[in-house]
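Visitor: Pasting a structure here, questions to come.
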Amino acid sequence: MCGILGAYSYGGALPDQHEFESMLTLMSSRGPDDSSSYFDKQIQLGHRRLILLDAEGGRQPFFHDDKNIVVIYNGEIYNHPQLRKQLEAQGVVFSGYSDGEVIGHLYRLHGEDFIQQVDGMFSIALYDRRESTLLLYRDRVGEKPLFYQDLNGILRFSSTLKPLLMTPAYTSALNPDGVADYFAQTQAGPISTLFQDIHKLAPAHYLKIDSGGRRLLRKYWSISYSSKLELPFREAAELINEKLLSSVNSMLASDYPMGITLSGGIDSSLVLLNTMRAGSNPVQCHFLSSGSLHDPERSRAEYVAQAFGLDLIKFDATQTSFDDLVTAMSHFDEPVGVYDSTYLLNHSAFISNHNRVALTGNGADEVFAGYNGYVSFLHNHSLNTQEDQDIKETLKRFLLEKHARDKTLLYTQTFSKCLERGKVEYAFDQIFRIADFSNLLDARTFYDIYFGMSHSASLSDTVGMAYGLEYRSPFFDRSLMETAAQLKPDYKICPSTMTTKPLLKDIAARHYSENLAYAKKLGCGHGIDRYRLLHTEWRLPFFEAFQRNEEVLQPIFCRDKVELLFNALGSGKLSDEDAHQLLKLAIFIAWVDAHRGIFHISR
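Under the working numbering, the first residue of the sequence shown carries the number 1, and numbering increases by one thereafter.
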């Protein structure tokens with residue numbers, strides 16, 4: 001929806017207003033419709049806006065309590081109609097119907113813990129002039145980005161990295177631990193970035209800082225996987241579908257036509273089902289095609305759209321050259337180690353010509369254990385009830401083993417010695433204190449939401465905001481996630497058949513067909529052989545880019561190891577896991593090449 005930017009002084013000199021406004025223009029794609037700023041002796045706040053709701057009343061900052069409470073935010077407050085009614089009953093008078101107007105009123109009445117009442121995807125900055133304090137909040141799963149930098153008596157924050165990289169006296173050095181996070185997961189971790197001294201605010205946390213520079217970082221949400229609902233299978237399925245309906249209904253608020261991305265799979269199909277159940281005006285259905293008329297997922301997506309009398313708008317995913325990959329990575333603050341990100345970016349550009357907001361099925365595979373990898377994970381681990389601490393230790397070892405693997409596979413000895421195991425453990429402990437568990441499957445799905453597959457939450461913002469498009473993901477709704485956490489693990493993976501997502505498949509079979517519900521999952525861009533592309537068309541430009549950026553890359557990656565991986569890939573002797581790491585390396589090098597000249601490796 002927007003981009004936010006700020007600088008809070010607890011002793012340092014704030015940038016001049018012209019410099020601040022220049023930084024704000026770097027986020028113009030996030031908010032092409034409006035730009036506004038606020039300047040005070042202790043703080044500077046900036047906002048770029050993509051207008052989706054209440055063009056006049058939604059202009060930021062929001063001011064409350066005689067301008068002693070100042071708010072800017074990015075995202076959506078999905079339960080704002082209910083919050084508005086509660087506030088009006090307490091005598092609050094609103095000036096418009098923007099969702100963000102509730103934030104300051106809630107803070108005035110309930111203090112910094114107001115955030116516990118807020119459902120949505122968001123990053124929020126709230127300045128309390130009376131207390132001279134700044135509060136930063138981030139949503140529960142990290143759908144909306146919030147980066148911050150603490151340097152020379154000023155805490156700066158931003159929806160994107162670019163303004164922070166412009167900070168005077170800041171050296172854009174690569175962060176070795178952030179690089180290692182990227183290769184062990186799919187992007188830098190939940191609290192780190194690829195740059196030294198720039199951090200992410202952890203999901204489900206808020207940061208408070210006062211004029212003396214004192215800081216408080218606190219979680220504001222917990223989710224329990226230990227207490228299970230004793231429901232028959234069919235009743236559990238109905239409960240989940242009603243939760244999904246409620247989630248979808250909360251995400252339909254927009255002054256512009258709604259779109260939806262249909263993949264041909266059950267997740268987006270159930271989102272469309274509940275969009276129509278909610279009584280939405282006809283939505284525009286977008287499908288990312290493999291380019292083949294015989295693509296079975298295209299046929300399934302057409303079937304789902306036609307079930308509601310809707311047309312399917314198709315966009316072909318095409319094979320990407322390495323130069324195309326470099327161009328795509330120029331839109332990414334940090335690389336995401338999945339090839340899908342390139343054509344999802346192109347698809348977003350296409351959708352933005354039709355819609356400003358679109359629903360997606362993102363998150364269902366993490367919340368309901370939809371990946372086939374969970375089945376193989378269970379071959380090595382028991383579903384039996386275990387102690388919470390033992391479960392967390394098992395997942396921590398799982399993460400550390402991924403970090404250790406890359407030292408052997410990719411890194412130089414010098415770079416490997418730079419990496420700090422303690423930082424990996426600190427990030428793990430900070431995120432895992434949000435939840436408690438009674439079995440490993442639940443813990444593994446939680447791990448993927450925040451670590452292994454965290455791009456499922458964050459990627460939509462990156463590819464959408466590059467073109468002024470907002471994606472909304474009903475499966476990341478708080479109430480739905482909390483209910484899913486209470487389901488028996490047997491309802492996420494059937495122990496007798498090893499069927500993934502049996503509850504969602506049961507709903508899809510009853511509302512659509514068994515053919516759709518139990519069709520083999522192919523995945524986005526399944527018709528493109530990315531590994532053949534990697535060792536043929538990409539190999540020469542890959543090493544040319546490596547050479548161009550040698551000063552940055554050579555201290556990190558052992559070129560001899562990389563050559564061996566390419567040779568093994570060409571001869572068919574490379575494992576799928578190692579081939580994926582090589583693909584992630586290609587994406588990383590394309591990202592470095594796209595941002596050439598702005599950083600160097602810290603030694």
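Backbone N, C-alpha and C fix where the C-beta goes; we use that ideal spot for every residue, glycine too.
1) In terms of alpha-carbon separation, which member of Leu569, Phe437 and Gln547 lies closest to serine 224?
2) Excluding the 5 residues preceding and the 5 following isoleucine 115 in the sequence, name in chain order all residues of the same chain whose CB lies nearer than 7 Å to its CB.
3) Hey, out of Gly370, Gly189, Val92 and Phe122, whose CA is closest to leucine 503's CA?
4) Enumerate, from N- to C-terminal direction, the unbroken beta strand (DSSP E) stretches of 3 or more residues contained entirely within the segment 350-403.
5) Got a sec, what are the start and stop residues for the beta strand (DSSP E) methionine 258 sits in?
6) Along the chain, where does the beta strand (DSSP E) that runs through aspartate 33 open and close?
7) Going by beta-carbon coordinates alone, are histidine 294 and phenylalanine 315 separated by less than 8 Å?
8) Once you ignore the five residues that flank proline 541 on each side, which residues in its own chain have a CB closer than 6 Å to its CB?
9) Would you mind working out which of Ile209, Ala328, Asp267 and Leu359 sits nearest valine 248, comparing C-alpha positions?
10) Taking just the CA atoms, how far does proline 190 sit from lysine 144?
11) Would you call methionine 498 buried or exposed, if buried means 16 or more other Cβ atoms sit within 10 Å of its Cβ?
12) Please report the residue range of the alpha helix (DSSP H) in which alanine 278 lies.
13) Three or more beta-carbon pairs under 8 Å between the segment 481-497 and the segment 155-163, yes or no?
14) Which residues in the same chain as histidine 105 place their Cβ atom closer than 7 Å to its Cβ, once the five residues preceding and following it in sequence are excluded?
15) Following the continuous beta strand (DSSP E) through tyrosine 471, name the residue where it begins and the one where it ends.
16) Who pairs with valine 71 in a beta bridge, going by DSSP?
17) Does the distance from the C-beta atom of glycine 46 to that of leucine 5 stay below 8 Å?
18) Report the partner residues of tyrosine 8 according to the DSSP bridge assignment.
19) Which residue comes first and which comes last in the beta strand (DSSP E) that contains arginine 218?
20) Could you name each continuous alpha helix (DSSP H) segment of 4 residues or more that falls completely within the segment 472-545, going from the start of the chain to the end?
21) Could you check how far apart the C-beta atoms of alanine 427 and isoleucine 391 are, in whole angstroms? I think they sit under 8 Å.
22) Take the Cβ of glutamine 149 as the centre, count every other Cβ of all protein chains shown within 10 Å, and call the residue buried at 16 or more, exposed below.
23) What would DSSP say about glutamate 235, mapped onto helix, strand or coil?
24) Excluding five sequence neighbours on each side, which residues of the same chain lie with their C-beta closer than 7 Å to the C-beta of phenylalanine 377?
25) Looking at the secondary structure, which residues open and close the alpha helix (DSSP H) in which glutamine 319 lies?
26) Which full runs of the alpha helix (DSSP H) of 4+ residues lie inside the segment 133-190, going along the chain?
27) Please report the straight-line C-alpha distance between glycine 468 and leucine 50, rounded to a whole angstrom.
28) I'd like to know if the segment 519-528 and the segment 339-354 are in contact, where contact means that at least 3 CB-CB pairs between them fall below 8 Å.
29) Using alpha carbons as the reference points, say which of Cys494, Gln554 and Ser571 lies closest to tyrosine 374.
30) Going by the beta-carbon positions, is the gap between glutamine 389 and asparagine 439 smaller than 8 Å?
31) Kindly list the residues whose CB is nearer than 8 Å to the CB of histidine 110, restricted to its own chain and excluding five residues on each side of it in sequence; keep chain order.
32) Is arginine 294 helix, strand or coil by DSSP?
33) Alpha carbon to alpha carbon, how far is leucine 245 from alanine 278? Give it in angstroms, no decimals.
34) Kindly indicate which three-state DSSP category glutamate 550 falls into: helix, strand or coil?
35) Output the boundary residues of the beta strand (DSSP E) element that contains histidine 288.
36) If we call anything under 8 Å between Cβ atoms a contact, is arginine 188 one with tyrosine 182?
Guide: To lay it out plainly:
1) Phe437
2) Tyr137, Tyr206 and Tyr220
3) Gly370
4) 357-359
5) 258-262
6) Counting along the chain, aspartate 33 falls outside any beta strand (DSSP E), and DSSP gives it neither H nor E.
7) no
8) Phe322
9) Leu359
10) 12 Å
11) exposed
12) Careful: alanine 278 lies outside any alpha helix (DSSP H) and carries neither H nor E.
13) no
14) His64, Leu87 and Val92
15) 470-472
16) Phe62 and Leu126
17) yes
18) Ile43 and Leu155
19) 215-219
20) 478-485, 502-511, 514-517 and 530-535
21) Contact doesn't hold; Cβ gap of about 18 Å is too wide.
22) buried
23) helix
24) Arg444
25) Note, glutamine 319: premise wrong, no alpha helix (DSSP H); not H, not E.
26) 162-165 and 176-184
27) 7 Å
28) yes
29) Cys494
30) no
31) Gln117
32) Position check: residue 294 holds histidine in this sequence, whereas arginine was assumed. Residue state, collapsed to three classes: coil.
33) 7 Å
34) helix
35) The displayed chain sequence assigns leucine, not histidine, to residue 288. Unbroken beta strand (DSSP E) run through leucine 288: 284-289.
36) Per the sequence shown, the amino acid found at residue 188 is alanine instead of arginine. Yes, these two residues count as a Cβ contact at 8 Å.
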